[in-house]
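In what follows, a single structure is set out as structure tokens and then discussed.
Protein chains: 2
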Amino acid sequence: MKIDPKSRTDLSAQIAQAIRDAIISGDLNVDERLPSEAELSDHFQVSRPTVREALKRLAAQSLIRTQRGASGGAFVNRISFEDAYPQQVTTSTLLLSMNAVSFDTACEARYALERACAPLSAERRTADHLATMRAEIFRQTQPGLTDEAFCASDVSFHRALVDGAGNPVLSYQLAGAVEAMQPLMNMITFTARDRERIVELHTQIADALEAGQAAEVDAHLATLCAYTTTLAHDVMEARAKAKG
Amino acid sequence: MKIDPKSRTDLSAQIAQAIRDAIISGDLNVDERLPSEAELSDHFQVSRPTVREALKRLAAQSLIRTQRGASGGAFVNRISFEDAYPQQVTTSTLLLSMNAVSFDTACEARYALERACAPLSAERRTADHLATMRAEIFRQTQPGLTDEAFCASDVSFHRALVDGAGNPVLSYQLAGAVEAMQPLMNMITFTARDRERIVELHTQIADALEAGQAAEVDAHLATLCAYTTTLAHDVMEARAKAKG
DNA sequence: CAAAATTCATTTGTCAGACATTTAAAAGTC
DNA sequence: GACTTTTAAATGTCTGACAAATGAATTTTG
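In order, the protein sequence lines correspond to chains A and B.
Residue 150 is where the first sequence starts when you use this note's numbering, and the numbers rise one by one after that.
Residue 150 is where the second sequence starts when you use this note's numbering, and the numbers rise one by one after that.
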């Protein structure tokens, strides 16, 4: 693990990268303790604050965790799917909002990925997944539900569908695509009729999943995708008209 | 933006979260300049090193960038898909290796997602994407290619397929699933016959994509998925036998 | 006057040393 | 032996300082 003090990049960034490489390559194993800050600053010939900045960078990526006290220190963290979820969602959300990704593009990606999960979910979903979906559908029928709460429930429904595939890798990758859509969905105002139609499709999807009919699920998801896109277009047009 | 000095969590973590929230909520816009470190340490009533640790955390997530000199400072960064790619790949790779995700699970996720891209790619892939795929196929036929190089080429081939869908969100989400598989694939030793079969399937996929036959692409991907899984199983069994 | 060179102020990057706080293990006490 | 106290080690935080980069203002120069 070496750094170049003459480089124009920050020393803390270089040190973070050196340690990161050691973790990725397996030189440092899960739960292994890193040298203490004092030892690291000695090794890299930099001050302790600089080492600390490097360690905080790694902590921000959940690559390490720190513990105070005797026999404390920085330890290589076993990144769990749970840790990675929120980061994935945050990044995906910002990617969409900062790069002005169109509703259509995001929606297309989301449903393409979700449909990829459908066959697996139709085969493996547990009673628990179905119960979650039914509960969310019920919530969606409640009058007085705000648009935001409706969208949140929609996300929960679809997450249950994805989780039903019983593949943590899929769930993780999908988390970003599904949850990042929420801010975009929140821009839509759902009429009572819109909600009715969506609930109907959700019910059909849940029924098909329960019956293990993959093709049905896929078809309903495709319909839902098209419907959502149309809804968004109508809203945009109405706004454009109101503005012009 | 406020923090709780009495909380048991690190001040730098709290400050980072406060600024992160401001970015996500839109209180801080892209390219907007944050207060200087001195001003921030004044605002949060902490020392400058603490503020710096917080800023480094945000920099590690590409949420901000810093610039030295007069009129320098920390600026909200527009996260680009290019920035997010490597982070996504790093996290996905570590998730697989650290959580002992089985080859089957990772492979299933990868091909499920890839097949989701197939119809779009069949419709939209450019000549450029096809050229990349053909070039990689050619490389895969070269004798003397190491297993590692073969895997790398395989990844490039599949990335071209995914990029062919022309949806940056899909490409981003898939980057993790496709590239994170590489270390797992590297554990396999490919015989000449294995490579021949894979090249054959790759060629069929490229042909079908060129002809715009989505169903064909999907079928060949399914075959490739099954073949890869079988290959991996054979390797595992052979090793288990050699060991026992 | 205009252009080049210089100075200057601002801001991040780095350093040194210190103290506070937490924590587990060692030492002491009953 | 079980409990309490002490101690040492480690991270968390602070203060103050200097280095380096950078843009703007100022001065010098042709």
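Where is the CB? At the ideal position from N, CA and C, for every residue including glycine.
Secondary structure of residue i, DSSP reduced to three states
i, result
"ILE173(A)", "helix"
"ALA223(B)", "strand"
"GLN210(B)", "coil"
"GLN163(B)", "helix"
"ARG182(B)", "strand"
"GLN216(A)", "strand"
"ILE168(B)", "helix"
"GLN194(B)", "coil"
"SER156(A)", "coil"
"MET330(A)", "helix"
"THR338(B)", "coil"
"GLY293(B)", "coil"
"LYS205(A)", "helix"
"GLY315(B)", "coil"
Nearest-angstrom beta carbon gap, residue j and residue i [assumed within contact, 8 angstroms]
i, j, result
"VAL384(A)", "ILE337(A)", "5 angstroms"
"SER270(A)", "GLU285(A)", "Not a contact, Cβ separation roughly 15 angstroms."
"MET330(A)", "ARG388(A)", "About 19 angstroms; that fails the 8 angstroms criterion."
"THR242(A)", "PRO332(A)", "6 angstroms"
"THR379(A)", "ASP253(A)", "Actually they do not touch by this definition, with Cβ atoms about 11 angstroms apart."
"THR215(B)", "LEU160(B)", "Wrong, their Cβ atoms sit about 19 angstroms apart, outside the cutoff."
"ALA324(A)", "ARG273(A)", "Between ARG273(A) and ALA324(A) the Cβ distance is about 18 angstroms, and since that is not below 8 angstroms, they are no contact."
"SER211(B)", "ILE228(B)", "5 angstroms"
"ARG197(A)", "GLU188(A)", "Actually they do not touch by this definition, with Cβ atoms about 10 angstroms apart."
Boundaries of the alpha helix (DSSP H) in which residue i is found, first to last residue
i, result
"VAL304(B)", "296 to 312"
"ARG342(B)", "341 to 360"
"GLN237(B)", "230 to 247"
"MET385(A)", "363 to 392"
"ALA284(A)", "276 to 290"
"THR254(B)", "252 to 273"
Residue from the options whose Cα sits closest to the Cα of residue i
i, options, result
"GLN166(A)", "VAL195(A), GLU188(A), LEU333(A), LEU204(A)", "LEU204(A)"
"GLN194(B)", "GLN163(B), LEU279(B), MET330(B), SER211(B)", "GLN163(B)"
"VAL408(B)", "GLN331(B), ILE347(B), LEU262(B)", "Nothing about residue 408(B) can be read from this structure; chain B reaches only from 150 to 393."
"GLY293(A)", "ALA368(A), ILE347(A), ALA341(A), THR377(A)", "ALA341(A)"
"GLU349(A)", "LEU373(A), PRO332(A), PRO154(A), PHE339(A)", "LEU373(A)"
"ASP356(A)", "ARG182(A), ARG264(A), ARG283(A)", "ARG283(A)"
"THR407(A)", "GLN362(B), GLY221(B), ALA171(B), ALA314(B)", "Since the first residue shown for chain A is 150 and the last is 393, residue 407(A) is missing from the structure and cannot be characterised."
"ALA360(B)", "LEU279(B), LEU370(B), MET247(B), LYS390(B)", "LEU279(B)"
"PHE299(B)", "HIS307(B), ASP176(B), ARG288(B)", "ARG288(B)"
"ASN316(B)", "PRO268(B), ARG182(B), PRO198(B), THR290(B)", "PRO268(B)"
"PHE230(B)", "SER320(B), ARG346(B), THR290(B), THR377(B)", "SER320(B)"
"ASN178(A)", "ASP253(A), ALA223(A), VAL327(A)", "ALA223(A)"
"ASN248(A)", "ALA368(B), ALA233(B), ALA249(B), THR215(B)", "ALA233(B)"
"GLU345(B)", "THR290(B), ARG214(B), ASP176(B), GLN237(B)", "THR290(B)"
"HIS307(B)", "ALA326(B), ALA391(B), VAL318(B)", "ALA326(B)"
"THR295(B)", "SER196(B), SER185(B), PHE339(B), THR281(B)", "PHE339(B)"
"ASP180(A)", "GLU188(A), ILE152(A), ASP277(A), VAL225(A)", "VAL225(A)"
"VAL250(B)", "MET334(B), ARG197(B), ILE347(B), HIS369(B)", "MET334(B)"
"ASP343(A)", "ALA309(A), ALA381(A), GLU365(A)", "ALA381(A)"
"GLU328(A)", "SER190(A), LEU244(A), ARG206(A)", "LEU244(A)"
"SER190(A)", "ALA309(A), ILE152(A), ILE347(A)", "ILE152(A)"
"ALA371(B)", "ALA391(B), ALA265(B), LYS155(B)", "ALA265(B)"
Cβ-based contacts, 9 angstroms cut-off: residues of the segment 170 to 191 of chain B near chain A: ILE172, ILE173, GLY175, VAL179
Selection of the segment 215 to 228 of chain B by Cβ proximity to chain A, strictly under 8 angstroms: ARG227, ILE228
Contact residues within the segment 296 to 310 of chain B, judged by C-beta distance below 9 angstroms to chain A: none
Cβ-based contacts, 9 angstroms cut-off: residues of the segment 263 to 292 of chain A near chain B: GLU263, ARG264, ALA265, CYS266, PRO268, LEU269
Residues in the segment 251 to 262 of chain B having any Cβ partner in chain A nearer than 7 angstroms: THR254, ALA255, GLU257, ALA258, ALA261, LEU262
Against chain B: residues of the segment 340 to 351 of chain A by CB proximity under 8 angstroms: Near chain B, meaning a CB-to-CB distance below 8 angstroms, no residue of the segment 340 to 351 of chain A qualifies.
Chain B contacts made by the segment 150 to 162 of chain A, where a contact means CB separation under 9 angstroms: ASP159, SER161, ALA162
Residues in the segment 359 to 385 of chain A having any Cβ partner in chain B nearer than 9 angstroms: Residues: none.
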